Every structure is written in C-alpha cells, then in structure tokens.
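Q: Going down the list, the sequences are from chains F and D. Per this note's numbering, the first sequence runs over residues 8 to 578. Per this note's numbering, the second sequence runs over residues 8 to 578. Before I ask anything, let me first share the structure, which is written out below as structure tokens.
There are 2 protein chains.
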Amino acid sequence: MALDRLLSVACGAEPADIVLAGGTVVDVLSGALRRADVAVCEGQIAGVSEEGYAGRRVIDCTGRFVAPGLIDGHIHIESSLLSPQEFAWAVAAHGTTTVVADPHEIANVCGLDGVRYMAADARGAPCEVLLTAPSCVPATHLETSGAELGPREVAEMLRWPTVVGLGEMMNFPGVVAGDPTVLGKLASAAGRPIDGHAPGLSGKDLQAYVAAEPDSDHECTTLAEAREKLAAGMWIMVREGTAAQNLAALLPLAQDPTTANRCLLVSDDLAAHELAAEGHMDRILRRAVALGLDPVTALRLVTTNPAARFRLHDRGVLRPGLLADVVVFEDLDSFQVHTVLKRGREVSDLPRRRSRARLPVGSCRLRALTEASFRVPATGGAVRAIGVVPGQIVTRALRLRLPASGGSLQADPQQDVAKLAVIERHGRGGGIGLGFVKGLGLRGGAIGSTVAHDSHNLIIAGMDDRAMLIAAQSVAEEGGGFVAVSPEGQAGIMPLPIAGLMSERRLEDVVSSQRTALEAAKSLGSPHSDPYAILSFLALPVIPELRLTDRGLVDVTRFEHMPLTGDVGDG
Amino acid sequence: MALDRLLSVACGAEPADIVLAGGTVVDVLSGALRRADVAVCEGQIAGVSEEGYAGRRVIDCTGRFVAPGLIDGHIHIESSLLSPQEFAWAVAAHGTTTVVADPHEIANVCGLDGVRYMAADARGAPCEVLLTAPSCVPATHLETSGAELGPREVAEMLRWPTVVGLGEMMNFPGVVAGDPTVLGKLASAAGRPIDGHAPGLSGKDLQAYVAAEPDSDHECTTLAEAREKLAAGMWIMVREGTAAQNLAALLPLAQDPTTANRCLLVSDDLAAHELAAEGHMDRILRRAVALGLDPVTALRLVTTNPAARFRLHDRGVLRPGLLADVVVFEDLDSFQVHTVLKRGREVSDLPRRRSRARLPVGSCRLRALTEASFRVPATGGAVRAIGVVPGQIVTRALRLRLPASGGSLQADPQQDVAKLAVIERHGRGGGIGLGFVKGLGLRGGAIGSTVAHDSHNLIIAGMDDRAMLIAAQSVAEEGGGFVAVSPEGQAGIMPLPIAGLMSERRLEDVVSSQRTALEAAKSLGSPHSDPYAILSFLALPVIPELRLTDRGLVDVTRFEHMPLTGDVGDG
Numbered sequence: 008m009a010l011d012r013l014l015s016v017a018c019g020a021e022p023a024d025i026v027l028a029g030g031t032v033v034d035v036l037s038g039a040l041r042r043a044d045v046a047v048c049e050g051q052i053a054g055v056s057e058e059g060y061a062g063r064r065v066i067d068c069t070g071r072f073v074a075p076g077l078i079d080g081h082i083h084i085e086s087s088l089l090s091p092q093e094f095a096w097a098v099a100a101h102g103t104t105t106v107v108a109d110p111h112e113i114a115n116v117c118g119l120d121g122v123r124y125m126a127a128d129a130r131g132a133p134c135e136v137l138l139t140a141p142s143c144v145p146a147t148h149l150e151t152s153g154a155e156l157g158p159r160e161v162a163e164m165l166r167w168p169t170v171v172g173l174g175e176m177m178n179f180p181g182v183v184a185g186d187p188t189v190l191g192k193l194a195s196a197a198g199r200p201i202d203g204h205a206p207g208l209s210g211k212d213l214q215a216y217v218a219a220e221p222d223s224d225h226e227c228t229t230l231a232e233a234r235e236k237l238a239a240g241m242w243i244m245v246r247e248g249t250a251a252q253n254l255a256a257l258l259p260l261a262q263d264p265t266t267a268n269r270c271l272l273v274s275d276d277l278a279a280h281e282l283a284a285e286g287h288m289d290r291i292l293r294r295a296v297a298l299g300l301d302p303v304t305a306l307r308l309v310t311t312n313p314a315a316r317f318r319l320h321d322r323g324v325l326r327p328g329l330l331a332d333v334v335v336f337e338d339l340d341s342f343q344v345h346t347v348l349k350r351g352r353e354v355s356d357l358p359r360r361r362s363r364a365r366l367p368v369g370s371c372r373l374r375a376l377t378e379a380s381f382r383v384p385a386t387g388g389a390v391r392a393i394g395v396v397p398g399q400i401v402t403r404a405l406r407l408r409l410p411a412s413g414g415s416l417q418a419d420p421q422q423d424v425a426k427l428a429v430i431e432r433h434g435r436g437g438g439i440g441l442g443f444v445k446g447l448g449l450r451g452g453a454i455g456s457t458v459a460h461d462s463h464n465l466i467i468a469g470m471d472d473r474a475m476l477i478a479a480q481s482v483a484e485e486g487g488g489f490v491a492v493s494p495e496g497q498a499g500i501m502p503l504p505i506a507g508l509m510s511e512r513r514l515e516d517v518v519s520s521q522r523t524a525l526e527a528a529k530s531l532g533s534p535h536s537d538p539y540a541i542l543s544f545l546a547l548p549v550i551p552e553l554r555l556t557d558r559g560l561v562d563v564t565r566f567e568h569m570p571l572t573g574d575v576g577d578g
Numbered sequence: 008m009a010l011d012r013l014l015s016v017a018c019g020a021e022p023a024d025i026v027l028a029g030g031t032v033v034d035v036l037s038g039a040l041r042r043a044d045v046a047v048c049e050g051q052i053a054g055v056s057e058e059g060y061a062g063r064r065v066i067d068c069t070g071r072f073v074a075p076g077l078i079d080g081h082i083h084i085e086s087s088l089l090s091p092q093e094f095a096w097a098v099a100a101h102g103t104t105t106v107v108a109d110p111h112e113i114a115n116v117c118g119l120d121g122v123r124y125m126a127a128d129a130r131g132a133p134c135e136v137l138l139t140a141p142s143c144v145p146a147t148h149l150e151t152s153g154a155e156l157g158p159r160e161v162a163e164m165l166r167w168p169t170v171v172g173l174g175e176m177m178n179f180p181g182v183v184a185g186d187p188t189v190l191g192k193l194a195s196a197a198g199r200p201i202d203g204h205a206p207g208l209s210g211k212d213l214q215a216y217v218a219a220e221p222d223s224d225h226e227c228t229t230l231a232e233a234r235e236k237l238a239a240g241m242w243i244m245v246r247e248g249t250a251a252q253n254l255a256a257l258l259p260l261a262q263d264p265t266t267a268n269r270c271l272l273v274s275d276d277l278a279a280h281e282l283a284a285e286g287h288m289d290r291i292l293r294r295a296v297a298l299g300l301d302p303v304t305a306l307r308l309v310t311t312n313p314a315a316r317f318r319l320h321d322r323g324v325l326r327p328g329l330l331a332d333v334v335v336f337e338d339l340d341s342f343q344v345h346t347v348l349k350r351g352r353e354v355s356d357l358p359r360r361r362s363r364a365r366l367p368v369g370s371c372r373l374r375a376l377t378e379a380s381f382r383v384p385a386t387g388g389a390v391r392a393i394g395v396v397p398g399q400i401v402t403r404a405l406r407l408r409l410p411a412s413g414g415s416l417q418a419d420p421q422q423d424v425a426k427l428a429v430i431e432r433h434g435r436g437g438g439i440g441l442g443f444v445k446g447l448g449l450r451g452g453a454i455g456s457t458v459a460h461d462s463h464n465l466i467i468a469g470m471d472d473r474a475m476l477i478a479a480q481s482v483a484e485e486g487g488g489f490v491a492v493s494p495e496g497q498a499g500i501m502p503l504p505i506a507g508l509m510s511e512r513r514l515e516d517v518v519s520s521q522r523t524a525l526e527a528a529k530s531l532g533s534p535h536s537d538p539y540a541i542l543s544f545l546a547l548p549v550i551p552e553l554r555l556t557d558r559g560l561v562d563v564t565r566f567e568h569m570p571l572t573g574d575v576g577d578g
C-alpha cells in the first residue's frame, strides 16, 4: 500500500524518493519561514521537518526558499497563442504547477470539442491545466460563433474531471435581470465554484449578481470597487496580465492580513513574448514584492488561496499527504526558479511527449469569396465608421464621407480610413459584415486575424478589396492566423492552426513569428505596437461605442445592429 | 423560479420576507463592521446593503450586531445528556445554527443505527446537526462495545448526506504504525475532511499522522503544540468546553490575523447545566473577548472558519445567495442573543414537532445477575486496585490488602476502597469485570452509570454486593442512566433511556434531575463534585495507569489485561 510507505518515510524509517534539503520552507498557512527538509515520496509530500530527512536523491536547497507550486486561478491560455501543452511546459519551468484556465475563446470556435481539447492537449504536462466551463458562448446574439453552449452543455462540462467550476459569467446584466438561459447555466453549476466578471457592478445590482452565485471577480480596477466586492462575499482576483494590470491599485487589499485571505493574484492573459521574457506567476510575485508586498503574503495569494477558492484540497500548502507540487526559489526578490517538482517529479528531468489531442473540425471554414464579396455599394450620405482610440479598447462611433468608385465606397488613406470586413469562419453560413475603421494607420494592403473576440470570426482591414481577398484566402489556407498583405499582394502569415487561435509551435518560435507578423503589419504603415490586437477587439460587441460583426455594424450602447449609412432613430 | 425572486429582492424591486434593519453587520471576511440592512428571501440572504431594504417583516436591529449563525465544529452531543433534538433547540436559542457532531459515544453502543438516530432525531430543529463518521469504534480490543464500525461501515456513513467527514481519529499510534484497519478507514474517507485527535504528538510522528490525512486537532494544550500542528498543515480547533479549556493557552494563535485563519473555537463537550447557565458558542465568544480577543476575530473563528474547514460552502458568511442563518447580538461583549434566523425563519417563532426517531434496540441489555455475580474470590496476597486522582482522569495502579469474608474479598470503607464492576450491557455475552477502586469516598451503598467511556458498559462502584445488584437492576429497568443506591437498598435514578447515554427530557428537567442524582451520590459520602463523571472514566483503557473493562483489569501502559491478584512479569 502506497500510504504505508508514505508513513514510513514521514517517520524517517525509510529514505524518501527526493529530499529538498536545508532550505527555508515558506509556511503559507502561518506566514512563517523556517529551516526544514521536505521529504517527497511517490508524488506526495511525506514530511517537513527541522530534524532532516534522508533520501535516495537529495537536492541541496541551502540558502534557497521552498514553497508550494504556484497556481494561476484565472488565465485564458489562448491569449498566449501557445498550445495548452506548450503553455503548460513553459509556465512549469517558472514554478507554476496548476492553472485554472477558462477556455472561453476556443469554446466560441469549437464548442465542447474545443474545451475537451484544452484538457487533453495538456495532459501529462508538468503544469496541470484545470478548466472552468465557459459560461457565455456565444457572448452575444449579435454575432455568429462556432458553437452555442447552453445549460445542458454547461452541465455536461461540469461532470468532466478537469472542470472545477463555471467560468466567468460575463453576462452580468443577464444575471441581474434574471435571464432564464443565464439562470439555467448558473443552476447547472449550483454548489460549484462560479467565477464572476462584473466590471463596475455595484450596489444592489452587485448583491443580486452575487445572490445568483458568482463569487469571484477579476475585473476590479479600483480599491473601492474591490472592497465593495469583497464585502459582498467575493474572492478578489487581482489581475496582473499583459493586457491589464490592477496590482498597484489593489495592493492595500493584499497588505491587510485579513482581506489578503480572500485575494488571489492571477494573470487573466499572458502574451508569449512576456512569458518568454519575464515568466508567469514568478513575474507577478516579482512585481508584487517590488510594489512593497511581503513576499510570504504574495506567495499565499498564488498557492493556498487559489487552492481554497477552487476547493483543490490536495495542493497549495507544503503539508504531508498533499501533492508534491513544489518550487524552489533562489530568493524572495527575484523569485528565480531553481527547481520545480510536479507530483514529486523534477520538471527539468521529465520527458516531453507529443500530444495526440486533435480538434475534429477545420478551424477556418470560409464560404467562397471574390473581390466582390468586399464591395460596399455607395448609397450617398455619411457613413458610420469605427474610430480607434489609441491605447484603449473602447471605440468611437464616427460619421464620415468616403470616396466612391464604380458605385462602391472605398477606403481612404487621406482620412486614415480602412475598409473592415468580418467574415463568418465557422462554416455556419459565411455571413460578411462590412464597414470602415479610422485610425489603424494602414497606407496600403490589408491585415487580418482569426483572433477576433468573442466569436473569432475572420476580421480583415484593408485599403483595397484585392488585398483583403488575398488576406482572407491566405489565412484560410493555413487554418487561421495573423496575416499582412502588401499592396502588391504578397501575404506574410503567422499560422494559428489550432482553432485559428493558437500555434502548434514552441514558445521561442511563436515569439519570433509573432514579431515577424507585427513587422509585416507595421511595414504597411501602422504606427501601433500591435495592430492585430486592435483588430481583434473591433468585432467585440460588448464594449462601446461601435463594432462590426459578421452580421453587420453594432451600436453597443443600444446593443443592436444598425445600417452603415442613413439615420437610425436619433442616431 | 425561486432564484428569480431572490434576485428581485436583492435588487430592491420587491420586498424581502424579512429585513434585519439598521444593525451593524459583522463582515467576517474583511473583519469590518458596517451599518447595513440584511434582506432575507425564501431561506437565503438576498442582499446586504447600506441603502436599506423593504420587507414584509422588519426586525429593528438598531444598535445591535448582525452576524452569521454560529457553528460549532466539534461537539459530542451525548456529553450534554440531551437528545439531539433537545440539544439543537437549546443551542439554537443561543445563536448556534450548525454543529458538526461526532456521535462517537452512541456509535459505541448502537453502531450505525445510533449514528443514523442522531441525524434523524435532530431533523427539523433550528440548529442543523451535521455529523462526522466515528472512526474508532470500538476504541480498543480490551473491551466489549455494542458495535464494530470497520472501513466498510465508515464508507457507508460517508455516503449519508448529513455526514461531512471522518470523526476524530484517536488511534494515532495505529495511524503512525500503519495499522491496516485504521488505514482502511482513512482510505474510505480519502478526499473528505478527516478530524484528528493526537494529544502531544510531535516531530516526524506528527508528520506521518498528517500524511495519513487527519488535518485538524482539538487536543492542543500548549501554544507550542498548536504552533507545530498548524505548521504541519492542521486546522487548530481551540477547545473551550465543560471538561477541558484551552482557549487561554492558545489565545495568541487566534490573535495573529494570519494564524487566526486556521483556527476554530469549538466546545468538544458541554454539560447541560453549563448550557442552561451560560449557553453554547455565545459562552465561548464571551470568554474569548474577556481574554482580550477582538470580537470580530472571535466571530470569524465560529462562522467562516468552521464553514471553510468542513467545506460548508453555503454558510458561515452573510453573503447573498447563502443560507439565511443569522444571529443578532445585543452587543459584542455579552453576546446576548436578540434574534436567531435559521434558513430565514425566526427560531423563536418555529413550531416544535416531536421527533419520531427511535433506536431499534434496547439500550441496556444485561444478562441475569445475582449477588454472586459480584463475588470476588479471596486468593490471598495483595490486590491490584485503581487509585482515583482527584481532579484528573489519570489513575494510579495500587496494590492493597483487602478484608475477606466467606471466602470473598470485600470493599473496605476504612481504606476508602469500593468494589468496582463493569458489566457488558449490549447483549453481547454479558461479561463482568470485577475489581476495586480507592478514593471515591463512598461510605456505603453503590453508584452506577451506563455512561462509561468508550464502550459505555454499565459500571458500578459499591460497598456491598446487594447494593450493587440493586443498582444494576434498577438502571437496567430504566434503559440506562445514573443510579445511587443507599445502604438500605433505596435506588435513586436519573434515566438515560436513549442508548443509556441521553435523556428524552427537556434541558431544565435534565439539569434538575442531574442535580438530584449528584446529591444522591454525595449522600453516600462522596466528596467529589461529580462522582458519576469519575466513574465514567474508570473503564477507559487508553489513559494510564489502571482501568477496568467488562473483560477485566487493564494495565494501560502495557495495553493488556492483567489479573486482580498475583504477579505479572515485573509488575
């Protein structure tokens, strides 16, 4: 019996498999540091003792710090453009042994198959990928996603062993208003952890939202907002990702030892280049300590707290009998990783096996396109156009006059206006929404992306229809990706064949091909640091003011479609 | 749909069932106090808001403090001598809305039926009685209990909805030594909360104990012991009961906001007279605050912490969507209770229904006895006798010379020595262990009890065999209880017909009949405040030095039986 041996090792009667010897153990429960050996046996922690342990293998931790493996309580792996397996290997090297991922992006493309894939692809990797069941697929009724996940599908996902709860319930107006489908999904998850997402929600509406059970939030941007949500009973996930950073604003919550208890540090998103350059949770720990947070407290927020929030009772603490998920740091400032154990095995020694997980459907299924597919008939009068706001994801609703040629409206480099197309790519009718965007900075050619929140249709901005057609065809051939087409019709592509969202390549290759793709886009004139990222949000119909989906322009304030030209109500 | 209405009430769109208005809400998550109304709807908390709520019924809480219902994480209800139902009603009036009870005593008498009875009898009472599955029945192989609960029975109990985990694993030497039956029980409870009980266990043996999964302890008597156990990953249950009080010693652990997180305040045992005079968890809160603990911290230790320890995710915090288990205190010094809600209903308004739970077997099944049953043949030489140590439950192993008459050894009032008999009462053979006890102070007659840890056989101490026989027969007729028999043969009984452990009567009746029983015992000459309590521990073969079970004398140090006279080894 394995427990027999564990007890023998714990008592010191037989040698451990591995001993982490002579280090300073971080006790995330008491907040104390103490010198002790950590004995590991058959994947579990056998004992932690000042008296020392003997082991078949001894790792000298003298002068180093031994802590529980790090846990990211909220991440969208798709944001890294890495496959789940590659992501898991990359973050494990930085001490992350568990992530709770919301596979919301792939679910919008591939439905249940996509969610299954995320878990299957990461299986056997040294960072365990646990999932929350995506709760908002599709995100709105104003676009065509690749799948719909209703209460029945949510219930099914929640029966899978890797699924630990319901993913961020973004439709907070639907919750508060008692939308039956939304409540049906929440009912399917009753009694399980349910993650929230309710930026700015306050007062009695917040009470109603929490009454419906979402009891975490990672969207707080001010201390007052976080305090109100904490008082409402929510876990506060302090986000410090690539796209959004709230740690500095919310720090006081983590500095109070009582409220720290209810806080997690999470990434939410993480770009490949940032992962390569700075790491994952070690990066967040470094930032937290640099901002003045006590390092042991910071470690609590990425170990025992996320374990408690997701009811992962087998990890998060260096306790006998729990999983031997352990990270050894050189110090508690740089958080440079010396050794990582996952279930008692040294990550640096583990053989890497190729994942056999495959998605059953093609990831970019366009209907047949011609240049004419991109034609916008000139009907006279002003045209509604999306105005890019540099550095923000909100947009402006503009009205412009555009040149016409051959009876069609044209992009206009003079006004920095490109044509915009959102092409349904999930094999569900092939609708095309057409419009215009001001502020991308393109002087010619086209850029496109199959990463386009939340339905991830193919979005293309271009200065001429031919370049846009080439962009669409080239990206479809690769199964999705980022594309830049020169005015001469030369296409440069970063393929993202996994659901049109993720690469199959290694981290370093992804970083370099992403850099190449960005350079290609910038060579078309764009002054933005990441024009694909701007593009990826232009189809997101939940953030004001104006967006374009495969079904047409969306007035976000009214939450309805509107024509490209002409008057609508008082519009 | 009920959730619909809950959301409406939370938003303020329709009136709540009950509003606790104008009070100061104790936020056990943040440690803060704030003025807010608490809206209750269909048994749940709908919202907590400074903006106020309207309700069909409004309870004015101005100047009062509104807190989550209190939770006792570790109690043996049998210790109160009250039926589970009566106990639940009595403590609910003091603000306790949930207890986690270990029905270890009744399980030793009635096995699974007894455990089932505890839950069934309390059903519908305003304090929810949750159970841990007793892990050590019988406690030892040196006595005859009414039942044996092995790994299979443990697994069965853990499937019952009221059972939240495995009860205190007292056989810590068995755990550390890897005893297969003990490990089998632990394996049956894998992944569930497992309560520990390991007084004084330390070092690597403690690591081994925790590796086997028990991760709480309520037996710490010193701060150093508690700190070591907390560092080993255990929840520390700070005990403040009738029999044992550790709060003063362990207070610093509760005063540190980080370690406070891992502490609970529990009672373990509670005598009826103490419950009547001082209450339950309110009594512990009062003591904690009197010792200098911050009242909000004290409340955390009896609300959110026990809920977290037992994974009761539906309670412990005043959060929308959770059970409306609420207590309103007049202040945070006296903790005088103004109002208690259980699942949204006012406890003081609830109708009390008679429990229909019944135990299927008789609770005191003795074989036929005569005066001769109590005869101890005189074989010459010194006799081993149990020496009572006033104020402690340890005993001394004495050797005495006793008078004989008609070839039998006799009790001797001159030496303060009574005859002692432990009579198997579970219908399992009717074995009788005979011996002598020094120090009870009896001048004549006999006293007896069917409360006799841990197997709860009938134990009788007497100065003559006739009085002892009358004691046995009288108590058996009542189905168990405490008995005192005068030298003239008059028996005074406090019946405990529920398994010979508990009364069917109301709290005030139990208190007064217990007082009468004590007076009857004292009238026989005993100077002790509770001679029945002393008696109840004389059969407990796990505490040194000498005990008597139905199978004979036990040398606790050797953990084996020994004869009443003659030499044994070097003894």
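Backbone N, C-alpha and C fix where the C-beta goes; we use that ideal spot for every residue, glycine too. Please read all numbers here as calculations on a predicted model, not as lab measurements.
At a Cβ threshold of 8 Å, is Ala23 (chain D) touching chain F?
A: Chain F, which has no Cβ nearer than 8 Å to the Cβ of Ala23 (chain D), makes this no.
Q: Which class does Thr556 (chain D) belong to by DSSP, given the choice of helix, strand or coil?
A: DSSP places Thr556 (chain D) in strand when its eight states are reduced to three.
Q: Can you list, in chain order, the residues of its chain with a C-beta nearer than 8 Å to that of Asp338 (chain D)? Leave out the 5 residues immediately preceding and following it.
A: The answer, listed in chain order, is Arg71, Phe72.
Q: According to the Cβ coordinates, are Leu329 (chain D) and Gly185 (chain F) closer than 8 Å?
A: No, the pair does not count as a contact, with Cβ atoms beyond the cut-off.
Q: Measuring only between beta-carbons, confirm whether Gln252 (chain F) sits less than 8 Å from chain D.
A: With 8 Å as the cut-off, Gln252 (chain F) does not count as an interface residue toward chain D.
Q: For Ile400 (chain F), collect the residues of the same chain with a Cβ closer than 7 Å to its Cβ; drop the 5 residues on either side in sequence, then sort them by chain order.
A: Taken in chain order, the residues that qualify are Phe544, Ile550.
Q: Within the same chain, show all residues whose beta-carbon is closer than 7 Å to that of Ala129 (chain D), passing over the 5 residues directly before and after it, in chain order.
A: Contacts found: Pro91, Gln92, Ala95, Val136.
Q: Mind checking if Thr105 (chain F) is an interface residue toward chain D, Cβ cutoff 8 Å exclusive?
A: No - not a single Cβ of chain D is within 8 Å of the one on Thr105 (chain F).
Q: Around the Cβ of Ser536 (chain F), are there at least 16 other Cβ atoms within 10 angstroms (buried) or fewer (exposed)?
A: So Ser536 (chain F) counts as exposed.
Q: Excluding the five sequence neighbours on either side, which residues of its own chain have a C-beta within less than 8 Å of the C-beta of Arg352 (chain F), listed in chain order?
A: Same-chain partners within the cutoff: Gly50, Pro133.
Q: Taking only beta-carbon atoms, is Gln262 (chain F) less than 8 Å away from chain D?
A: Output row for Gln262 (chain F): interface = no.
Q: For my contact list, Leu531 (chain D) and Gly442 (chain D) are in at a C-beta cut-off of 8 Å; report their separation, rounded to the angstrom.
A: Rounded, the Cβ-Cβ distance is 19 Å, inconsistent with contact.
Q: Threshold first: 4 residues or longer. Then list the alpha helix (DSSP H) segments lying entirely within the segment 113 to 156 of chain F, N to C.
A: Complete alpha helix (DSSP H) runs here, min 4: none at all.
Q: Under 8 Å Cβ-Cβ, which residues of chain D neighbour Gly266 (chain F)?
A: Note on residue identity: the sequence assigns Thr, not Gly, to residue 266 (chain F). Result: Leu36, Ser37, Gly38.
Q: Mind pulling the chain D residues with CB within less than 7 Å of Cys18 (chain F)?
A: Under the 7 Å cutoff, chain D gives Val183, Lys211, Asp212, Ala215.
Q: Do you know offhand how far Asp577 (chain D)'s Cα is from Leu149 (chain D)'s?
A: In this prediction, Asp577 (chain D) scores a pLDDT of 40, lower than 50, which makes its location untrustworthy; the coordinate-derived value is nonetheless stated afterwards. Taking the straight line from one Cα to the other gives about 21 Å.
Q: If contact means a Cβ-Cβ distance below 8 Å, which residues of the segment 47 to 60 of chain F contact chain D?
A: Cβ contacts with chain D: Gln51, Ile52, Ala53, Gly54, Val55, Ser56, Glu58.
Q: Answer yes if the segment 208 to 225 of chain F comes into contact with the segment 170 to 181 of chain F, meaning at least three C-beta pairs across the two stretches below 8 Å, and no otherwise.
A: A contact exists between the segment 170 to 181 of chain F and the segment 208 to 225 of chain F.
Q: So is Gln497 (chain D) buried or exposed if we call it buried at 16+ other beta carbons inside 10 Å?
A: Label assigned to Gln497 (chain D): exposed.
Q: Does the CB of Arg269 (chain D) have a neighbour CB from chain F at under 8 Å?
A: Closer than 8 Å to some Cβ of chain F, the Cβ of Arg269 (chain D) qualifies, so yes.
Q: DSSP state of Arg41 (chain D), grouped into three classes?
A: Looking at Arg41 (chain D) - three-state DSSP - the assignment turns out to be strand.
Q: How about Pro168 (chain D) and Arg316 (chain D): do their beta carbons lie closer than 8 Å?
A: Against a cut-off of 8 Å, the Cβ pair of Arg316 (chain D) and Pro168 (chain D) comes out as no contact.
Q: Is DSSP giving Gln92 (chain F) helix, strand or coil here?
A: Gln92 (chain F) falls in the helix class under three-state DSSP.
Q: Since Ala28 (chain F) contacts Cys48 (chain F) with CB under 8 Å, what's their CB separation in whole angstroms?
A: 15 Å between Cβ atoms; not a contact.
Q: Does the segment 375 to 385 of chain F touch the segment 97 to 117 of chain F, meaning 3 or more C-beta pairs lie closer than 8 Å?
A: These segments do not touch.
Q: What residues in the segment 220 to 240 of chain D have a beta carbon less than 8 Å from any beta carbon of chain F?
A: Within the segment 220 to 240 of chain D, the residues whose Cβ lies closer than 8 Å to some Cβ of chain F are Glu220, Asp222, Arg234, Leu237, Ala238, Ala239, Gly240, listed in chain order.
Q: The alpha helix (DSSP H) that contains Ala528 (chain F), what's its start and end?
A: 514 to 529 is the span of the alpha helix (DSSP H), which, as asked, contains Ala528 (chain F).
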